[in-house]
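Quick notes on the structure that follows.
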Amino acid sequence: MRSVWIKRLCGLLNHKKQKRFSLVLGILILLMILPGYLLASGGEEVRPSPASLTANVIKKVFPNGLTLLIKPNYDHELIAVNLYARMGTLYEAPDQIGISTLMQRCLLYGGTTSREPNIIYRGLENVGAHWNSGSGADCGNVWMTVTKPGFYRALDFYFDLILHPQFVEWDVEIGKREGIEKLKGINDYPLNTVSILFSQGFYGEHPYGRLTIGSEETIASLTREDLVAWHKKIYIPNNMVFTVVGNVDPEEVITEFEKAFGQMKKGRLPKQSSQSIPILEENIVFYQPRDVGGAYLVLGYPAPSYLHKDAPVMEVLNTILGSGGMGNRLYSELRDKRGLAYAIGSSYQQMVGPSLITAIMITAPENFQAAREGIVTEFKRFCEEPVSAVELENTKKWIKGTFAMGQETTAAQGRLLGVYEILGHGYDYPDKYLSLIDAVTPEDIQRVAKKYFNHYVLAVLAPEGTIGE
Amino acid sequence: MFGLSVKTRPKFRVATIFLLLFFSVMLITISPALGENEDSIFTPFTRVTLANGLTVIVKEMRFAPIVAVDIRVGVGSAYEPPELLGISHYIEHMFFKGTKRRKVGEIAREIKSVGGYLNAATSLDTTHYYVVAPSAYTDLVLDVTADALQHSSFDPTEIDRERKVILEEIRMRQDNPNIRMSDQIRLELLKGTPYANNIIGTPETLSHIDREALLAYYQKYYVPNNMIVAVVGDVDTQIVLAQLAELLKNFKPGDLPSLPVFEIPQPTENARFEIEDDISQNFVCFGFSVPTFLSNDGPALGILRTILNGGRSARLGKLYTEGLIISKSADYSSFHELGIFGISAATQTPSTVEKRIQEILWKVIEEGVTEEEVAIAKAIIRTGYAMDGERAFSMACMMSRYEEISSLEDRIRYEQALEEVTKEDVQRVAEKYVNPQRATVFILKPKEAK
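Which chain is which? The protein sequence lines are Y and U, in order.
All residue numbers for the first sequence refer to the working numbering, where the first residue is 18 and numbers rise by one.
All residue numbers for the second sequence refer to the working numbering, where the first residue is 9 and numbers rise by one.
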């Protein structure tokens with residue numbers, strides 16, 4: 018056990034010289050940590066401090082900028098591999114919105130320059146791999162989860178997909194058709210429609226106001242050549258963060274990545290859209306009448322972006338307001354006490370660019386005004402009165418507990434490391450994050466609420482006549 | 009580790025624990041030792057039956073500081089008489105509302121205050137309630153669970169308020185085409201059985217369900233001998249058993265309710281329905297009546313499902329490469345006495361897709377499947393199990409459910425039987441059950457006007 022940990026720690030410090038220094042370093046580290054640890058553990062085995070969520074993560078940045086994060090975890094047979102890269106609507110040209118989503122889909126399904134699609138599928142699935150890809154507004158990923166015996170076989174196919182996708186014409190056309198057909202079905206679901214209505218109203222011309230899948234026009238205009246060019250632009254080593262979590266030998270993993278990606282050349286990182294969002298000078302309501310049974314409301318205010326110092330404050334506020342299921346203010350006041358809704362909650366959408374916090378509610382059309390007033394009252398309460406010490410403490414406990422529970426699975430641990438690293442916080446943010454949450458005060462919440470909760474955007478999908486004049 | 013800092017829950021000192029352990033041994037019947045199948049994600053586990061008939065399953069999963077408790081009650085819409093349609097679901101809504109000790113909203117606040125979450129779901133023949141929290145608060149979770157189980161208050165004002173909430177839920181469900189469609193399909197496939205009952209009820213039945221009816225139904229079905237509690241996570245089995253034995257010692261058993269007697273529907277020959285709805289896409293759905301998951305043919309049906317739809321190499325994947333579909337699924341759902349095998353696809357060319365799905369099924373029946381396909385299906389399923397086995401919540405839900413519909417031993421045998429499934433087995437069950445001649449086909453189309 019000891020030698021495993023020494024290897025991991027050496028990997029963190031200096032992988033190439035690890036063998037030479039392992040003995041000396043190992044003794045030094047053990048001397049430093051052993052007495053305290055023995056007290057805590059009864060001397061069973063050496064483990065990193067439980068206070069740190071990322072202490073055993075090995076970070077390797079290759080000379081070409083590719084980042085590899087390895088988190089060994091020997092509790093399971095599983096290994097989760099995840100690639101994150103900056104892509105998505107934030108980086109797309111207005112006439113190419115949806116290109117990342119289409120590229121990610123076709124990357125998996127069109128085969129590679131040396132393998133037919135079916136060879137890839139069977140290669141991965143012969144060893145039981147579960148695999149997929151996707152793209153959001155700020156980044157995209159390609160993931161694979163597999164058990165240890167098939168790991169290296171699957172990794173060969175996984176690397177091939179990422180490095181040499183063929184983007185065959187016929188599959189690109191199928192992908193485009195799929196995208197366009199999916200768009201047609203989106204509005205069959207009232208919650209989709211009202212969310213789109215809200216995003217378009219809130220973001221205006223900013224790419225966040227567009228669907229990540231694109232529009233019928235943009236999808237139709239995309240070509241195989243566009244995908245090849247976009248792949249070349251996005252899949253550059255300095256735009257890629259890989260995470261490998263699970264039952265692996267870090268040294269072997271680093272060697273495999275070096276072989277596969279070591280020769281790639283650095284490139285210029287994709288540029289974010291510079292489009293601004295509309296300035297809210299008054300409350301704005303977007304109403305779409307439709308013959309539905311309920312009234313669907315999305316009401317939102319601007320909020321701090323992902324990397325903003327006030328983001329942890331808004332996260333605490335959002336938890337008190339309406340996230341986390343039963344027990345929050347919206348749920349207690351509007352559902353539990355007043356029976357106004359079956360579904361109600363809030364969401365803080367932390368984006369790299371302009372961000373927002375929304376409350377979402379489905380209510381009876383005749384309750385629309387009461388629901389709207391109830392939601393606004395709950396937002397404004399944060400401006401008018403500080404949250405109580407008990408509520409704040411309980412919320413912090415909830416966030417910390419949820420955060421810890423969110424890392425239960427191998428795949429989830431990989432996702433967390435990858436997202437933090439690619440979006441700029443750094444993979445070790447989880448440790449800082451918890452202390453930032455701890456530091457939030459009632460005054461911080463009131464200050465942030467006053468700063469952001471001035472004018473709202475409200476989107477409503479409801480039967481004709483629901484909202485009056 | 010016991011979370012003794014939480015004031016509202018009973019405190020357990022070491023001496024108390026030993027005392028409780030002593031008494032619990034007298035109160036409970038310990039099941040035969042388990043754990044023979046080292047490869048199963050479910051083993052080892054401990055199962056005991058308390059003196060009042062309540063089954064408790066505990067599985068220690070020490071790799072994450074989490075505890076999940078799933079309470080499974082053997083009741084659902086299939087048990088309801090026509091005038092009380094929706095009552096099982098109504099009770100589910102009242103369950104975490106409040107108890108004699110905890111006011112409205114307090115249960116949720118207490119769990120949330122330690123970083124946990126809780127929720128519930130009602131199905132056709134089961135209702136379950138779950139709480140997931142950091143394992144440092146295991147005793148709080150058990151206390152809340154036991155309190156809700158025995159002392160839900162059914163406050164009259166809350167009953168009226170919750171009725172309004174359920175009416176909102178009905179409205180919301182009717183606005184969702186997926187729910188509308190699956191309800192229609194289920195109604196047709198299971199016509200004449202209690203499984204065709206509408207889970208949520210109707211505005212009419214809900215208006216008649218009062219406190220008296222709720223209490224009577226609750227007292228009839230929410231008896232310990234009709235319940236299973238699964239506790240999974242970073243817990244100590246003996247301590248959990250002792251705590252539950254103490255917390256539930258006054259919970260009195262009742263008569264064990266049973267499902268109304270019904271005949272399992274026989275598949276009809278080429279039943280076909282075309283339904284128009286407010287949708288923009290066409291859906292092609294094939295439904296087959298099949299035996300339950302844990303029956304002898306269950307494992308081969310599980311492999312067949314994966315061969316048809318388990319990965320990109322699966323047979324239905326061809327519909328993508330032919331550019332015929334937008335999405336697809338193949339599911340195998342199992343209840344107490346029957347199962348449903350469903351295949352569906354979203355498409356703009358429903359008649360072509362219907363024909364292609366039939367061709368794909370006929371090919372399996374006539375030519376069989378390959379050894380490689382069976383091996384791939386097993387490998388995919390194995391990885392899926394390993395992924396399930398990482399989550400305390402999934403494990404708790406699965407363990408309580410399998411114990412309810414049969415037994416955990418049967419579920420473990422199912423895993424072993426999966427490994428033994430041959431390509432001949434797959435061909436045989438395809439011909440016997442997933443046969444286009446025995447399919448009930450639904451074509452869901454956009455309304456003409458749209």
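The beta carbon of each residue, even a glycine, is placed where N, CA and C say it ideally should be.
Check your understanding: How should U/A385 be labelled, buried or exposed, when 16 other C-beta atoms within 10 angstroms of its C-beta is the threshold for buried?
Key -> buried
Review point. With DSSP run on the structure shown, which of helix, strand or coil describes U/N443?
Key: coil
Exercise for review: Hey, could you find the ends of the beta strand (DSSP E) Y/F259 is sitting in?
Suggested key: M257 to G263
Check your understanding: From Y/E299 to U/Y203, what does the alpha carbon distance come to, in whole angstroms?
Key -> 52 Å
Practice item. Please classify U/T153: is it buried, with 16 or more other beta-carbons within 10 angstroms of its beta-carbon, or exposed? Key: buried
Exercise for review: Tell me whether U/N317 sits in a helix, a strand or coil according to DSSP, three-state version.
Suggested key: helix
Review point. For Y/M161, which residues does DSSP report across the bridge?
Key: Y/V98 and Y/W148
**Study point:** Endpoints, beta strand (DSSP E) assigned at Y/H223
**Key:** It is not in any beta strand (DSSP E) - Y/H223 carries neither H nor E in the DSSP assignment.
Point to revise | Beta-carbon contacts of Y/G167 that lie in its chain and below 8 Å, excluding the five residues immediately before and after | key: N143, V144, G145 and A146
**Study point:** Alpha-carbon to alpha-carbon, Y/V309 and U/Y422
**Key:** 45 Å
Point to revise | Y/Y348 versus U/V112 - alpha carbon distance | key: 12 Å
Check your understanding: Taking contact to mean at least 3 C-beta pairs separated by less than 8 Å, is the segment 288–302 of chain U in contact with the segment 438–451 of chain U?
Key -> yes
Check your understanding: Can you name the start and end residues of the beta strand (DSSP E) that U/H97 belongs to?
Key -> Run containing U/H97: none in the beta strand (DSSP E); it sits in the alpha helix (DSSP H), I95 to F103.
Check your understanding: Under 8 Å between C-beta atoms, does Y/N264 make it to chain U?
Key -> no
Review point. DSSP state of Y/E133, grouped into three classes?
Key: coil
Point to revise | Where Y/A476 sits in the DSSP three-state scheme | key: strand
Practice item. Name the one or two DSSP bridge partners that U/N290 has. Key: U/T355
Check your understanding: Taking any Cβ of chain Y, which residues in the segment 391–407 of chain U have a Cβ under 8 Å from it, in chain order?
Key -> T391, G392, A394, M395, G397, E398, R399 and A400
Check your understanding: Can you find a CB in chain Y that lies within less than 8 Å of the CB of U/E68?
Key -> no
Exercise for review: Specify, as a first and last residue, the run of the alpha helix (DSSP H) that Y/N335 falls within.
Suggested key: A328 to L338
**Study point:** Test item: CB-CB of U/Y145 and U/V122 under 8 Å
**Key:** yes
Exercise for review: Give the DSSP-derived three-state secondary structure of U/H136 in the structure shown.
Suggested key: strand
Practice item. Would you mind telling me which residues of chain A sit closer than 8 Å to U/K108, beta carbon to beta carbon, in chain order? Key: Of the chains in the structure shown, none is chain A; the protein chains are Y and U.
Check your understanding: Taking Cβ positions only, does Y/K326 come closer than 8 Å to chain U?
Key -> no
Practice item. Kindly list, in the order they appear in chain U, the residues whose Cβ is closer than 8 Å to that of Y/V309. Key: D183
Point to revise | Simplified DSSP assignment, three categories, for U/D78 | key: strand
Exercise for review: Identify, in the order they occur along the chain, each residue of the same chain with its Cβ nearer than 8 Å to the Cβ of U/D285, setting aside the five sequence neighbours on each side.
Suggested key: P185, R188, M189, L452, K453, P454 and K455
**Study point:** Check whether U/R80 and U/S408 have beta carbons under 8 Å apart
**Key:** yes
Exercise for review: Given a cut-off of 8 Å, decide if U/F281 and U/E374 are closer than it, judged by their beta-carbon atoms.
Suggested key: no
Review point. Closest to U/V231 by CA distance: which of U/L255, U/T245, U/F259 and U/Q246 is it?
Key: U/F259
Practice item. Check the Cβ-Cβ distances between Y/P447 and every residue of chain U, and say whether any is below 8 Å. Key: no
Review point. Would you say Y/Y473 reaches chain U, if we count a Cβ-Cβ gap shorter than 8 Å as a contact?
Key: no
Exercise for review: Take every Cβ of the segment 183–201 of chain Y, pair it with every Cβ of the segment 448–455 of chain Y, and state whether three or more of those distances are shorter than 8 Å.
Suggested key: no
Practice item. Spell out whether any CB of chain U is found under 8 Å from the CB atom of Y/G128. Key: no
Point to revise | Burial state of Y/E481, where buried means 16 or more other Cβ atoms lie within 10 Å | key: exposed
Review point. Nearest chain U C-beta to Y/D205 closer than 8 Å, yes or no?
Key: yes
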